[in-house]
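Working notes, beginning with the structure itself.
Numbering (UniProt numbering), first residue to last: 1 to 130.
Next up, the structure:
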């Protein structure tokens with residue numbers, strides 16, 4: 001009986017803390033989106049036939065200050081993204097994990113440029129290899 005009571009109390013406390021976090025998340029303002037110019041790059045195909053990647057990406061900035069920082073530094077972001085994409089191999093794009101790993105890397109690069117401001121996400125609008 002004591003164990004059931006302790007588990008019930010622990011569950012309630014956990015639920016309350018999760019509810020508080022959800023309420024905090026609801027209070028965040030919507031992100032400000034910054035469009036990165038479309039890119040077409042050669043993929044690293046290990047000496048095989050030429051393969052190309054077409055990518056369109058949006059960056060979700062935390063606020064207008066972060067968005068302004070990103071807009072001002074779009075040439076650096078574009079350069080960083082293209083340098084990364086040139087190292088991508090066609091096999092890196094296979095399956096659901098491929099685009100996820102690409103998204104993670106782009107987020108790291110966008111965050112580095114936006115500092116000290118926050119970047120919430122990188123949204124892949126189009127990712128096509130030919």
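Even for Gly, the Cβ is constructed at its ideal location relative to N, Cα and C.
Mind checking which residues open and close the beta strand (DSSP E) that includes residue i?
i, result
"residue 42", "32-42"
On the criterion of 16 or more Cβ atoms from any shown chain inside 10 Å, does residue i qualify as buried, or is it exposed?
i, result
"residue 85", "buried"
"residue 66", "buried"
"residue 109", "buried"
"residue 53", "buried"
"residue 165", "Given a span of 1 to 130 for the chain in the structure shown, any question on residue 165 remains unanswerable."
"residue 94", "exposed"
"residue 106", "buried"
"residue 29", "exposed"
"residue 50", "exposed"
"residue 31", "buried"
With DSSP as the reference, please indicate the residues paired to residue i in a beta bridge.
i, result
"residue 126", "56"
Does the segment 35-46 come close enough to the segment 77-86 that 3 or more CB-CB pairs lie under 8 Å?
Yes, the segment 77-86 touches the segment 35-46.
Quick check on the DSSP output: what are the complete beta strand (DSSP E) runs of length 3 or more inside the segment 47-122, in order along the chain?
The beta strand (DSSP E) runs of length 3 or more contained entirely in the segment 47-122 are, from start to end of the chain, 52-61.
Would you be able to state if there are at least three C-beta pairs under 8 Å between the segment 120-128 and the segment 50-63?
With the cut-off at 8 Å, the segment 50-63 and the segment 120-128 touch.
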